[in-house]
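Participant:
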Amino acid sequence: MIDVLVTGGAGFIGSNFVRHALAAHPDWRVTTLDKLTYAGRIETLSDVMDHPRHAFVRGDIADDVVATPLVQRSHIVVHFAAETHVDRSIASAGDFIRTDMIGTYVLLEAARNAPHLKRFVQISTDEVYGSVPEGASRETDEIKPRNPYSASKAGADRLAYSYFATYDVPVIVTRASNNYGPYQFPEKIIPLFVTNALDERPLPLYGDGLNVRDWLHVMDHCRAVDLLIERGVNGETYNIGGGNEIANIDLTHRILELTGRPSSLIQPVKDRPGHDRRYALDTSKARAHGWAPQVDFVDGLRETVEWYRANQAWWRPIKEQDAAFRAYYASQYGPARP
Ligand code: NAD
Ligand code: TYD
519 MIDVLVTGGA GFIGSNFVRH ALAAHPDWRV TTLDKLTYAG RIETLSDVMD HPRHAFVRGD
579 IADDVVATPL VQRSHIVVHF AAETHVDRSI ASAGDFIRTD MIGTYVLLEA ARNAPHLKRF
639 VQISTDEVYG SVPEGASRET DEIKPRNPYS ASKAGADRLA YSYFATYDVP VIVTRASNNY
699 GPYQFPEKII PLFVTNALDE RPLPLYGDGL NVRDWLHVMD HCRAVDLLIE RGVNGETYNI
759 GGGNEIANID LTHRILELTG RPSSLIQPVK DRPGHDRRYA LDTSKARAHG WAPQVDFVDG
819 LRETVEWYRA NQAWWRPIKE QDAAFRAYYA SQYGPARP
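The sequence shown lines up with residues 519 to 856 when you count with this note's numbering.
(1) How many Å lie between Thr-643 and Thr-684 at the Cα?
(2) Please state if the CB of Ile-641 and the CB of Thr-692 are separated by a distance shorter than 7 Å.
(3) Could you check where the alpha helix (DSSP H) with Asp-582 kicks off and where it finishes?
(4) What is the rounded straight-line gap between the Cα of Ala-599 and the Cα of Tyr-556?
(5) Quick one: grab the DSSP three-state call for Pro-856.
(6) So does Phe-703 have its beta carbon nearer than 6 Å to some heavy atom of the ligand NAD?
(7) By DSSP's criteria, Ser-655 is part of a beta bridge. Which residues make up the other side?
(8) Excluding sequence positions up to five away, which residues of its chain have a Cβ less than 6 Å from the Cβ of Arg-547?
(9) Per DSSP, which one or two residues make a beta bridge with Asp-521?
(10) Sort Thr-822, Leu-554, Asp-686 by Cα distance to Gly-529 and report the nearest one.
(11) Between the Cα of Pro-651 and the Cα atoms of Ala-831, Gly-778, Glu-763, which residue gives the shortest distance?
(12) Measure the alpha-carbon distance for Leu-626 versus Ile-615 and round it to whole angstroms.
(13) Judging by CA-CA distance, which residue of Ser-782, Val-751, Val-712 is the nearest neighbour of Trp-833?
(14) For Ala-539, which option in Ala-674, Arg-741, Arg-559, Leu-710 has the closest C-alpha, if you only look at C-alpha atoms?
(15) Compute the minimum distance between the beta carbon of Ala-674 and the heavy atoms of the ligand NAD, and state whether it is under 6 Å.
(16) Asn-757 to Gln-590, Cα distance in whole Å?
(17) Can you determine whether any heavy atom of the ligand TYD sits closer than 6 Å to the C-beta of Lys-706, and answer yes or no?
(18) Could you please give the first and the last residue of the uninterrupted alpha helix (DSSP H) stretch that includes Val-751?
(19) Does Leu-734 get closer than 7 Å to chain B when you measure Cβ to Cβ?
(20) Using DSSP with H/G/I as helix, E/B as strand and the rest coil, what is Ser-668?
Here is the structure:
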């Protein structure tokens, strides 16, 4: 059996990866290590909690007592755990430094002495390139992160590379574009706007709404990571993008159309400070390894809207009963009930 450690497996992308890994690899034994922060929920993994090849450990990646033995018994580490929301990093960066940078350092230190380790996947982000007014970022481009989230991810991204260059840890780095799909925490634009629209509540669109993101279905991301575990080259970085660039205002109109709600729900609000205008990736390197996104954005967005419509038992407790989420929402968007 191959022992696979997935950090952050109770979050959005990590949970989709755990489910994918268990289904696609009958010889993988998967351990999820997750602190269950506000963004991590045991309910997100409920269908695999009793799976015979899955174990769940609640713990902090920055706690070496918990993390080190888990890394050291693994053949593969897929490191998703992070603080991930740009707006929260702007409000308060400390947790981002602790988890994204120090937590990654703890895992990499453990990986230096892991006897069976074949692959350490550092899940990075296209946001490390900073705002890209035109063209598409290549892996060799300079990184210019511009907010505390992307800066902490950039630190982790290069720290992981340094452990390859210095200590021969078998690191690959992946930089994905904005993901969408089931189980995304309803603070990010797509789940926030879909769930607000379903409830006929305002959709708070930042600035002029013309910022552009490239949307990648979460399952296409999971398939890319899986393939690069097999075929990636240690020390290399791989962009993973969906090739679906769209301005936020156009995305918002599509969500309104899919939910059957009027455009009067759009509420222009103050722009995010330092808001990156555009991200775009050149994905030819990952494609040369045989990966290509499979989910069409029109279908994927429709299915995602349907998922949130059908799975209200997953998100309503967060939006309606979680006092911390409600306090966050009020501080970010004003006192109106989400
Ligand atoms: P998420 O916020 O949904 O989940 C993060 C998970 O990490 C949660 O389950 C949380 O409990 C856990 N976690 C946080 N701090 C921890 C700690 N100290 N120890 C253990 N667990 C901890 O995030 P996501 O959107 O699934 O993102 C996963 C990874 O993918 C992140 O590294 C993120 O930077 C990267 N990424 C995300 C996107 C995107 O669009 N969501 C795009 C590119 C890259
Ligand atoms: P987000 O989902 O936070 O992802 P990221 O900042 O990592 O790209 O935001 C995606 C885009 O949507 C970004 O340009 C900011 C914008 N946005 C809004 O206009 N309103 C919102 O309430 C949120 C959360 C995001």
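Where a beta carbon is used, it is the ideal one built from N, C-alpha and C, also for glycine.
Here the structure is a predicted model, which is why all the values come from computation and not from measurement.
Facilitator: The answer reads as follows:
(1) 23 Å
(2) yes
(3) 582 to 590
(4) 13 Å
(5) Residue placement at Pro-856 is poorly supported in this model, since its pLDDT is 42, which falls under 50; the coordinates still yield a value, given next. In the structure shown, Pro-856 sits in coil (DSSP, three-state: anything other than H, G, I, E or B).
(6) yes
(7) Leu-799
(8) Met-519, Asp-521, Arg-571
(9) Arg-547
(10) Leu-554
(11) Glu-763
(12) 15 Å
(13) Val-712
(14) Arg-741
(15) no
(16) 28 Å
(17) yes
(18) First-last for Val-751: undefined, no H or E at that position.
(19) Checking the listed chains, one finds no chain B in this structure; it contains a single protein chain.
(20) helix
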